[in-house]
Amino acid sequence: MGRLDGKRALVTAAGQGIGRATALAMASEGATVFATDINAEALATLEGVDAFVLDVRDDDAVREGVARANPDILFNGAGFVHHGTVLDATDDEFGFAVDLNVHSMFRTIRAALPGMIERGNGSIVNMASALGAKMGAPNRFVYGVTKAAVEGLTKSVAVDVIKTGVRCNCICPGTVESPSWHDRVRALGEQMGSYEAALEAFVARQPMGRVAQPEEIAALAVYLASDESAFTTGQPHYIDGGWSG
Numbered sequence: 076m077g078r079l080d081g082k083r084a085l086v087t088a089a090g091q092g093i094g095r096a097t098a099l100a101m102a103s104e105g106a107t108v109f110a111t112d113i114n115a116e117a118l119a120t121l122e123g124v125d126a127f128v129l130d131v132r133d134d135d136a137v138r139e140g141v142a143r144a145n146p147d148i149l150f151n152g153a154g155f156v157h158h159g160t161v162l163d164a165t166d167d168e169f170g171f172a173v174d175l176n177v178h179s180m181f182r183t184i185r186a187a188l189p190g191m192i193e194r195g196n197g198s199i200v201n202m203a204s205a206l207g208a209k210m211g212a213p214n215r216f217v218y219g220v221t222k223a224a225v226e227g228l229t230k231s232v233a234v235d236v237i238k239t240g241v242r243c244n245c246i247c248p249g250t251v252e253s254p255s256w257h258d259r260v261r262a263l264g265e266q267m268g269s270y271e272a273a274l275e276a277f278v279a280r281q282p283m284g285r286v287a288q289p290e291e292i293a294a295l296a297v298y299l300a301s302d303e304s305a306f307t308t309g310q311p312h313y314i315d316g317g318w319s320g
């Protein structure tokens, strides 16, 4: 038997990286998984899940997606990493990041929560970051601000529904290998002169001497979604290889 047998999970940003690994991990543990993303091509390569395109920045699309999934588990994985300091950030970049990294979770939680409360059971897992509430990193101003907000959102939701049987936690990863991370390495490599130099710089700041694999983050997501963590709510869970101390 799987740890998520009989549960229905809605996973956002399931096309690649952590979201993809989480969708597959939850399916392998017996959940009926509804895997969503804005990238239809990426979703087409997923097997064993009900995959459909969903733009988490669209209120109507979110409501329709949640109605289709009727989830017991909500995994909020959509997000974007901006590069730069407060002096580099534009209003458009800041607004986009707040909408995608934070407001999208407000949309999905608002849509999914009534059904969870009615059933008296549910687990919401939000993707935060090691950067944000606990620590900062150079050139991650916009990202750090929004991920700190995710921790506040998580705690606020958790305390509001704490007696309903619904739990809300967040995962705070360090650097994770994914297609989007390789894009950031390549972008830094253009500044540093080579991809290899940028990769070495990224890895050098990791106490373990390596970055995380998406499957390692997905394993924590499965635990938080399962009844094994039934007494855990309102908590940020750091999984960063000791980076934040």
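At position 245 of the sequence shown the residue is numbered 320 (this note's numbering), and the sequence of numbers has no breaks.
Every residue gets a Cβ at the ideal spot worked out from N, C-alpha and C, and that includes glycine.
DSSP links aspartate 112 through a beta bridge to Val128. By the neighbour-count criterion, in which 16 or more other beta carbons inside 10 Å mark a residue as buried, serine 231 falls on the exposed side. Measuring C-alpha to C-alpha distances from glutamate 275 to each of Ile292, Thr250, Leu295 and Gly219 identifies Thr250 as the nearest. Per DSSP, the unbroken alpha helix (DSSP H) holding serine 103 starts and ends at 92-103. Under the 8 Å Cβ criterion, the segment 274-291 counts as touching the segment 94-112, having at least three qualifying pairs. Counting along the chain, valine 278 sits inside the alpha helix (DSSP H) bounded by residues 270-279.
Comparing alpha carbon positions, the residue from Gly170, Arg194 and Ala117 closest to aspartate 147 is Arg194. Nearest C-alpha to alanine 153 among Ala144, Asp166, Pro189 and Ser204: Ser204. Here proline 248 is buried, its C-beta having at least 16 other C-beta atoms within 10 Å.
The continuous beta strand (DSSP E) containing methionine 202 extends over residues 197-202. CA-CA distance, glycine 105 to threonine 165, rounds to 44 Å. In summary, methionine 283 is exposed, with fewer than 16 beta-carbon neighbours lying within 10 Å of its beta-carbon over all protein chains present. Residue state for asparagine 244 is assigned as strand, using DSSP reduced to three classes. Looking at the backbone, the Cα of isoleucine 184 and that of isoleucine 199 are separated by about 8 Å.
In this structure, isoleucine 246 keeps its C-beta atom at 9 Å or more from the C-beta atom of threonine 308. For isoleucine 192, the enclosing alpha helix (DSSP H) has its first and last residue at 179-194. The DSSP-derived three-state label of arginine 285 is coil. Leucine 85 sits close to threonine 111, with the two beta carbons spaced by under 9 Å. When only Cα atoms are considered, valine 137 and alanine 102 end up about 21 Å apart. Glutamate 252 and leucine 228 have their C-alpha atoms spaced approximately 26 Å apart.
Glycine 197 is a Cβ neighbour of glycine 240, given a cutoff of 9 Å.
Rounded to whole angstroms, leucine 206 and glycine 190 show a C-alpha spacing of 32 Å. For alanine 84, there is no enclosing alpha helix (DSSP H); the enclosing beta strand (DSSP E) covers residues 83-86. Residue pairing by DSSP places asparagine 151 opposite Asn201 in a beta bridge. A direct Cα-to-Cα measurement between valine 124 and asparagine 114 gives close to 15 Å.
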